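A short write-up of the structure that comes next.
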Amino acid sequence: MIVALAAALCSTGCSNTDVDNTPTNVDTAPPAVPTQLTGSSWHSQITISWAPNSTDTDFAGFNVYRSTGTRVMSLTETPQGENLYLDVNPTSGYNMYQVTAVDQSGNESAQASIEICLQSEYDTYHPDLP
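Take the sequence shown: its position 64, counting from 1, is numbered 71 in the working numbering, and each next residue is one higher.
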């Protein structure tokens with residue numbers, strides 16, 4: 008009988024006036040775009056670096072991507088705190104890197120990009136070879 012009465016009351020509109028239904032402030036603003044990207048290649052590896060994020064108090068880390076042609080690959084599984092990335096497996100030729108900043112709410116900035124050419128060892132000039 009009590010269960011039936013409770014079900015009947017709730018079907019007509021249960022409300023709890025003690026619950027605060029006021030929307031909370033949700034962070035939707037992305038962090039600042041990474042700046043001052045630089046890069047270099049050496050012995051079949053590419054190193055890229057950028058300025059640290061010092062403007063966002065809720066900064067979580069950086070994501071790094073590489074694209075060759077139409078293929079884009081994430082190089083970091085989760086945002087990393089370092090402002091340096093060593094790519095130990097780049098492709099020969101032109102590699103386009105994109106770096107984004109991520110905040111603690113998961114908002115991701117626009118991409119900062121840099122293109123670096125990795126020459127194969129056969130493309131490099133060797134003065135000691137005929």
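Think of the CB as a built atom: it goes at the ideal place given N, C-alpha and C, for glycine as much as any other residue. Being a predicted model, the structure only gives us computed values, none of them experimental.
| said: On the criterion of 16 or more Cβ atoms from any shown chain inside 10 Å, does D110 qualify as buried, or is it exposed? | reply: On the sequence shown, residue 110 is found 103 positions in, with the first residue counted as 1. So D110 counts as buried.
| task | For my contact list, S51 and L91 are in at a C-beta cut-off of 8 Å; report their separation, rounded to the angstrom. | result | The residue labelled residue 51 in the question sits at position 44 within the sequence shown. The residue labelled residue 91 in the question sits at position 84 within the sequence shown. About 18 Å separates the two Cβ atoms, so there is no contact after all.
| query | Of all the options S61, S120, D63, which has the alpha carbon lying nearest to the alpha carbon of Y101? | reply | Numbered from 1 along the sequence shown, position 94 holds the residue referred to as residue 101. Considering only alpha carbons, the answer is S120.
| said: Taking the alpha-carbon of Q87 as reference, which of V106, G76, G46 has the nearest alpha-carbon? | reply: Translated into positions along the sequence shown, residue 87 becomes position 80. The shortest Cα separation from Q87 among V106, G76, G46 belongs to V106.
| query | Does the beta-carbon of D65 have 16 or more other beta-carbons within 10 angstroms, so that it is buried, or is it exposed? | reply | The count along the sequence shown starts at 1 and reaches residue 65 at position 58. Counting other Cβ atoms within 10 Å of its Cβ, D65 stays below 16 and is therefore classed as exposed.
| query | Rounded to a whole number of angstroms, what is the C-alpha to C-alpha distance between N60 and A108? | reply | Residue 60 sits at position 53 when you count from the first residue of the sequence shown. Residue 108 sits at position 101 when you count from the first residue of the sequence shown. Cα to Cα, the separation comes out at about 8 Å.
| Whole beta strand (DSSP E) elements within the segment 71-137, 3-residue minimum | Annotation note: the segment 71-137 contains the following uninterrupted beta strand (DSSP E) runs of length 3 or greater, listed N- to C-terminal: 78-81, 91-94, 100-110, 119-125.
| message | Taking its Cβ as the centre, do 16 or more other Cβ atoms sit within 10 Å of S116, making it buried, or is it exposed? | response | The count along the sequence shown starts at 1 and reaches residue 116 at position 109. Classification for S116: buried.
| request: Could you tell me if D34 is buried or exposed, where buried requires 16 or more neighbouring beta carbons within 10 angstroms of its beta carbon? | output: Locating residue 34 in the sequence shown gives position 27, where the first residue counts as 1. Around the beta carbon of D34, a 10 Å sphere encloses fewer than 16 other beta carbons of the protein chains shown; the residue is thus reported as exposed.
| field | Helix, strand or coil at S48 according to DSSP, with G and I counted as helix | value | For the purposes of this step, residue 48 is identified with residue 41 of the sequence shown, where counting begins at 1. Three-state result, S48: strand.
| query | So what does T54 bridge to, in DSSP terms? | reply | Indexing the sequence shown from 1 puts residue 54 at position 47. Note: T54 is bridge-paired with S47, L93 in the DSSP secondary-structure output.
| What does a CB cutoff of less than 6 Å around M80 pick up in its chain, not counting 5 residues either side in sequence? | Position 73 of the sequence shown, counting from 1, holds the residue named residue 80. Here the set comprises R73.
| request: Would you identify the three-state DSSP class for A39, choosing helix, strand or coil? | output: Here residue 39 corresponds to residue number 32 of the sequence shown, with the count starting at 1. Judged by DSSP in its simplified three-state form, A39 adopts coil rather than helix or strand.
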